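Shown next, in structure tokens, is the structure this report addresses.
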Amino acid sequence: MALDASSADEQREAEIIRALEEMSVFAGNVLLAEDGSGRADYSVVDSEWITYETHWHTGQLIWGLLETGLVLDRPDLIDKARRGGDWWVSTEFAGEHPLAGLVWAAHGDRLGDLINWTTISDGTPGLFALSRATGDARYANSATRSGRWLWDNTRVPDDIPGGEWLFYNIIEPQTGLVYRDWDVHTQGVPRDPERAARETLPINRMARPNIEGFLFEDMCRHTGEQAWCDRFLAQSDSVLERQHESGLWLNFEPNNADGSQVHPRFNVWNAEALLQAYEISGDRRYLEGAARTARWAQSVMRNDGTLYYRTTVDGETNGAEVTGSSVAFNGILMLRLKEYGYAEFDETIDTLADWIIRNRFASDHPDPNLAGAVINTRQKQRGGGLQLLNRDVGTTFALRFLSLYLRDMRGEDVNAYLTREAS
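Mapping the sequence shown onto UniProt numbering, position 278 (from 1) lands on 278, and the numbers just tick up by one.
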């Protein structure tokens with residue numbers, strides 16, 4: 001017998017709450033390390049965690065735990081989010097160091113201790129949200145100090161062709177040197193000064209819009225300084241101008257310019273920032289830019305909502321690496337667009353929520369490093385062997401998505417919620 005609408009809604013809400021509770025156990029007890037940092041990549045073969053871009057992974061863990069704690073009225077999860085925030089603040093350079101005010105956001109992996117701009121900004125939204133929710137300004141103050149340092153030291157000069165509103169990506173933590181003539185991704189590490197002097201690279205090999213995490217917009221909200229909003233809107237205009245007709249940003253890594261590889265989250269980061277630009281400007285150009293990105297994802301996902309790590313601009317994929325974080329992040333983007341009036345995403349949002357519910361390791365899985373986690377796999381060759389990874393971000397983004405999805409089910413405007421003032 002079919003359930004009536006009320007019973008179906010109650011069943012759906014219970015389903016969402018159960019998923020949030022199970023994921024939050026994994027996030028709070030496993031992803032949150034003893035020192036408060038966030039764990040990133042779990043090697044299924046070796047049964048060990050691998051450090052990778054710890055700051056942004058911690059920032060997203062903070063945000064996921066916080067949103068789940070708020071929507072489920074779980075103060076214990078908010079306390080765990082604060083542990084992550086305390087760790088973040090503890091990593092800030094101080095004193096006379098050339099990076100004083102910045103956090104030591106080591107990229108890890110092939111780049112070692114080098115600091116990457118978006119290793120910071122992809123995590124700062126969690127810090128600002130944590131300060132708004134708790135009234136403890138330390139977290140947002142730290143993120144703001146990092147943002148000021150990045151603004152002062154990494155902007156591409158106006159006289160460099162093609163560099164308008166771009167920011168250099170890489171910083172040496174020991175010296176404070178900003179790489180203005182070296183592409184670590186194609187030229188390698190360490191930087192070779194002699195080779196750098198011989199070769200002239202396109203500016204987009206060393207600099208990007210770096211609007212991911214909408215750092216300057218959050219700084220504007222936190223400080224009340226209009227200059228940061230003005231800078232953020234100029235940054236957003238530049239991002240719109242550089243958007244490919246597909247809705248993507250193909251001219252910047254980690255996308256391939258020829259469309260042979262589209263990163264599963266990078267473009268959504270940019271689109272999320274455009275939503276923030278709409279919030280402070282009312283200019284619907286930003287909404288339409290974000291919608292173009294969502295339409296691309298909608299066009300390439302499988303019927304059940306699956307998105308893969310290796311996907312071309314035309315939607316071709318090897319189907320080998322399932323990216324739950326992209327499923328959840330696109331769910332967030334589409335849910336927000338829906339509440340701005342884009343009804344075209346309604347069914348897809350439900351499909352993506354179903355995907356998260358169904359594609360998690362069992363909460364009683366014998367490996368506690370997987371139990372309750374969302375599937376988010378990667379394969380890498382390391383040391384002559386294969387690394388099969390399940391990544392934290394499937395779970396952290398899913399916590400954010402299902403928390404907002406639950407608020408939407410309960411009749412709350414998620415955009416108004418996300419842009420609310422501090423409590």
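For glycine and all other residues, C-beta sits at the position ideal for the given N, C-alpha and C. The structure displayed is predicted, hence computed values, not measured ones.
Burial state of residue i, where buried means 16 or more other Cβ atoms lie within 10 Å
i: valine 45; result: exposed
i: arginine 400; result: buried
i: glutamate 199; result: exposed
i: arginine 110; result: exposed
i: glutamine 276; result: buried
i: arginine 284; result: exposed
i: aspartate 304; result: exposed
i: arginine 18; result: exposed
i: proline 202; result: exposed
i: asparagine 330; result: buried
i: leucine 114; result: buried
As assigned by DSSP and simplified to three states, the class of residue i
i: valine 178; result: strand
i: glutamine 387; result: strand
i: isoleucine 211; result: coil
i: leucine 65; result: helix
i: glycine 38; result: strand
i: leucine 250; result: coil
i: threonine 317; result: strand
i: threonine 306; result: coil
i: threonine 311; result: strand
i: histidine 97; result: coil
i: alanine 257; result: coil
i: arginine 74; result: coil
i: tyrosine 139; result: helix
Check: residue i C-beta below 7 Å from any heavy atom of the ligand ADP
i: arginine 400; result: Among the ligands in the structure shown, none appear at all, so the ligand ADP cannot be discussed.
Own chain, CB closer than 6 Å to residue i, minus 5 neighbours either side, in chain order
i: leucine 215; result: Ser121, Thr124, Gly147
i: glutamate 96; result: none
i: glycine 176; result: Pro98, Leu99
Where the alpha helix (DSSP H) containing residue i begins and where it ends
i: serine 331; result: It is worth fixing the name first, because residue 331 is glycine in this sequence and not serine. Per DSSP, glycine 331 belongs to the alpha helix (DSSP H) from 324 to 339.
i: isoleucine 357; result: 346 to 358
i: serine 43; result: Element bounds for serine 43: not the alpha helix (DSSP H) but the beta strand (DSSP E), 41 to 43.
i: isoleucine 160; result: That residue, isoleucine 160, is in no alpha helix (DSSP H); it is neither H nor E in DSSP.
i: aspartate 237; result: 226 to 241
i: threonine 395; result: 393 to 409
i: leucine 275; result: 266 to 281
i: histidine 185; result: 184 to 187
i: valine 262; result: Segment: none, valine 262 is in no alpha helix (DSSP H) and carries neither H nor E.
i: threonine 293; result: 284 to 300
i: aspartate 9; result: 5 to 26
i: tyrosine 342; result: Where tyrosine 342 is concerned, there is no enclosing alpha helix (DSSP H), given that its DSSP letter is neither H nor E.
Beta-carbon proximity list for residue i, same chain, < 8 Å, skipping 5 on both sides
i: arginine 391; result: Ala40, Asp41, Tyr42, Ser325, Asn376, Thr377, Arg378
i: glutamine 261; result: Pro254, Asn255, Arg310, Thr311, Thr312
i: phenylalanine 167; result: Trp117, Leu150, Thr154, Arg155, Val156, Ala207, Arg208, Pro209, Asn210
Bridge-paired residues (DSSP) for residue i
i: glutamate 92; result: Val103
i: asparagine 116; result: Ile170
i: valine 374; result: Arg360
i: leucine 32; result: Gly38
Where the beta strand (DSSP E) containing residue i begins and where it ends
i: residue 474; result: What the structure shows of the chain is the stretch from 1 to 423, and residue 474 is not part of that stretch, so it cannot be assessed.
i: glutamate 48; result: 48 to 50
Cβ shell of residue i (< 7 Å), same chain only, five flanking positions each side left out
i: arginine 231; result: Phe216
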